[in-house]
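The opening position of the sequence shown corresponds to residue 6 in the numbering used here, with each subsequent residue numbered one higher. For glycine and all other residues, C-beta sits at the position ideal for the given N, C-alpha and C. It should be emphasised that the depicted structure is a prediction, and the values quoted were computed from it without experimental measurement. Taking it in order: structure first as structure tokens, then the write-up.
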Amino acid sequence: MYFSLPTEYREAGIEELKERITAVRERLGSRLCILTHHYQRMEVVEFGDRVGDSYALSKIAAGQKETETIVFCGVHFMAESAEILTAEHQNVFLPNPLAGCPMADMAEMADVLEAWEFLKQFGGEDKIMPISYMNTAAGLKAFTGKYGGLICTSSNADAALKWAFDRREKAFFFPDENLGRNTGKKMGLKPDEMVVWDFSLDNGGLTDEQIDRARIILWKGHCHVHTNFTAEHVDEVRRERPGVKVVVHPECPVEVVDRADASGSTKFIVEYCEKAPSGSVIAIGTEINLINRMAHEHQDKTIIELSGKTCPVCANMYRTTLNDLAHCLENYPDLKRIEVSDSTRRDARLALERMLEVR
Ligand code: SF4
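As structure tokens, then:
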């Protein structure tokens, strides 16, 4: 996809952009809702009607019955999910259409269907429940809905797995291996009850015995922002700052989550920072924009990035600027809105609605 911001917006100064964004918001009032993910730049979050993680923002989008236009400052799969959950008269726009998610791209429809076809010999939909992480394209959400499964986010992954195991023997969890593993471990599953389906290998690189024994078949996908953190980073920050609390996102590797004081979704991390007593020192393992915002909002606490040196930025979240937001708000009737075909929407919506019910 090619996208180039018109020169007028590229060259506008910050104050001018803020004035123009404010003017559109005032003119449209409740007909417009700007949703911003926690990983967006601080200046973009300031203009959000709501800020949240992908679970909270989906829920908000689903509840915005009166709003005509939703501008989603996040990445493509999030805006697509909002589009699926909203009504026909509502339109969803992504201010920077190039904002995708590399993790979502690690699960291609054809590869997932090939895996599912193979897994049929182990019971298919009678025994195996598909669970798709929110970070997937709409087609995969539809696949999940069609075979009785649900979408999960890092906010409800425990509840989603429990829901799956109440109904079927095994779960097929994609695309984030770490979230699936960390959640399975928290539920008491042993290492050999979680196997990794490597889509680049025949039969996922697994033997029949491994699949028979497994409770979760994990997809070999990851988020490069969160796999940036290592066990050594945790050990080092504890050595350097005695008394530090370490809180990380469950997309981090299992050995990082194991060493942390707490792990959870971005919402969990935000609340952890809010609740910590004044004077606390907190090292966070997640995207840098959220960490910087937490440090800014809680100046009575010392809030630092866990690795101390790797700058874990999500380049895709960072793509959306005030320039993009101003351009989107002033031109959206002429811009391409997020679209999902009716057949995909029907099944994807089923899976997303199950997500909203399961907590
Ligand atoms: S932080 Fe990771 S999972 Fe989230 S949008 Fe960026 S690449 Fe995707």
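Query - Phe123: first and last residue of the uninterrupted alpha helix (DSSP H) it sits in - result: 114-124
Query raised in the report: Can you tell me whether DSSP reads Lys250 as helix, strand or coil?
Result: strand
Query raised in the report: Could you check where the alpha helix (DSSP H) with His2 kicks off and where it finishes?
Result: Lying before the first or after the last residue shown, residue 2 is absent from the chain, which here runs from 6 to 364.
Query raised in the report: In terms of alpha-carbon separation, which member of His231, Phe234, Leu194, Ala281 lies closest to Gly248?
Result: Ala281
Query raised in the report: In the structure shown, what three-state DSSP assignment does Met111 receive?
Result: coil
Query raised in the report: Shortest alpha-carbon distance to Phe178 belongs to which of Lys191, Tyr138, Asp207?
Result: Tyr138
**Report entry** Length-filtered (3 minimum) beta strand (DSSP E) runs lying within the region 254-306
**Finding:** 286-290
Query raised in the report: Leaving out the 5 sequence neighbours to the left and right, which residues in its chain are closer than 7 Å to Glu260 when beta-carbon positions are compared?
Result: Ala236
**Report entry** Residue(s) in a DSSP beta bridge with Lys1
**Finding:** Since the displayed the chain opens at 6 and closes at 364, residue 1 lies outside it and no answer follows.
Query raised in the report: Can you find a heavy atom of the ligand SF4 that lies under 8 Å from the Cβ of Tyr277?
Result: no
Query raised in the report: CA-CA distance, Val345 and Ala320?
Result: 25 Å
**Report entry** In DSSP terms, what Tyr138 is bridged to
**Finding:** Cys157
Report task. Label Asp386 either buried or exposed according to how many other C-beta atoms from any shown protein chain fall within 10 Å of its C-beta, with 16 as the threshold for buried. Result -> For residue 386 there is no data in the structure shown, the boundaries of the chain being 6 and 364.
Query raised in the report: According to DSSP, is Arg218 helix, strand or coil?
Result: helix
Requested in this report: Using 10 angstroms around the beta-carbon of Phe8, count the other beta-carbons present and answer buried if the total reaches 16, otherwise exposed.
Outcome: exposed
**Report entry** Sufficient close CB pairs (3 or more, under 8 Å) joining the region 305-314 to the region 282-297
**Finding:** yes
Requested in this report: Tell whether a beta-carbon distance below 9 Å holds between Asp163 and Met199.
Outcome: no
Query raised in the report: From Val56 to Tyr44, what does the alpha carbon distance come to, in whole angstroms?
Result: 10 Å
**Report entry** Range covered by the beta strand (DSSP E) that runs through Leu40
**Finding:** 37-42
Query - Cβ pair count under 8 Å reaching 3, the region 47-63 against the region 83-91 - result: yes
Report task. Would you kindly check if the distance between the Cβ of His94 and the Cβ of Glu73 is under 9 Å? Result -> yes
Query - Reference Thr141, options Pro317, Gly226, Asn294, closest by Cα - result: Gly226
Requested in this report: Closer than 8 Å by C-beta to Ala356: which residues in its own chain qualify, once you throw out the five before and the five after it? Chain order, please.
Outcome: Ser137, Lys146, Ala147, Thr149, Gly150, Gly154, Leu155, Ile156
Report task. Whole angstroms is fine: what's the gap from Thr12's alpha carbon to Asp240's? Result -> 48 Å
Query raised in the report: At what residues does the beta strand (DSSP E) containing Ile75 begin and finish?
Result: 74-78
Query raised in the report: Less than 8 Å between the CB of Cys157 and some heavy atom of the ligand SF4, yes or no?
Result: no
Requested in this report: Quickly, what does DSSP pair Gly226 with across the bridge? List them, please.
Outcome: Asp181
Report task. Go ahead and label Met47 buried or exposed: buried means 16 or more other beta carbons lie within 10 angstroms of its beta carbon, across all protein chains shown. Result -> exposed
Query raised in the report: Among residues of its own chain, excluding the 5 on either side of Thr188, which ones have a beta-carbon nearer than 7 Å to its beta-carbon?
Result: Ala162, Asp163, Leu166, Pro255
**Report entry** Any alpha helix (DSSP H) of 4 or more consecutive residues that is wholly inside the region 301-346
**Finding:** 320-323, 327-336
Report task. Taking only the alpha-carbon atoms, compute the straight-line gap between Ser270 and Cys228 and give it to the nearest angstrom. Result -> 14 Å
Query raised in the report: Counting contacts by CB-CB distance shorter than 9 Å, is Val286 in contact with chain D?
Result: Absent from the structure: chain D. Only one protein chain is present.
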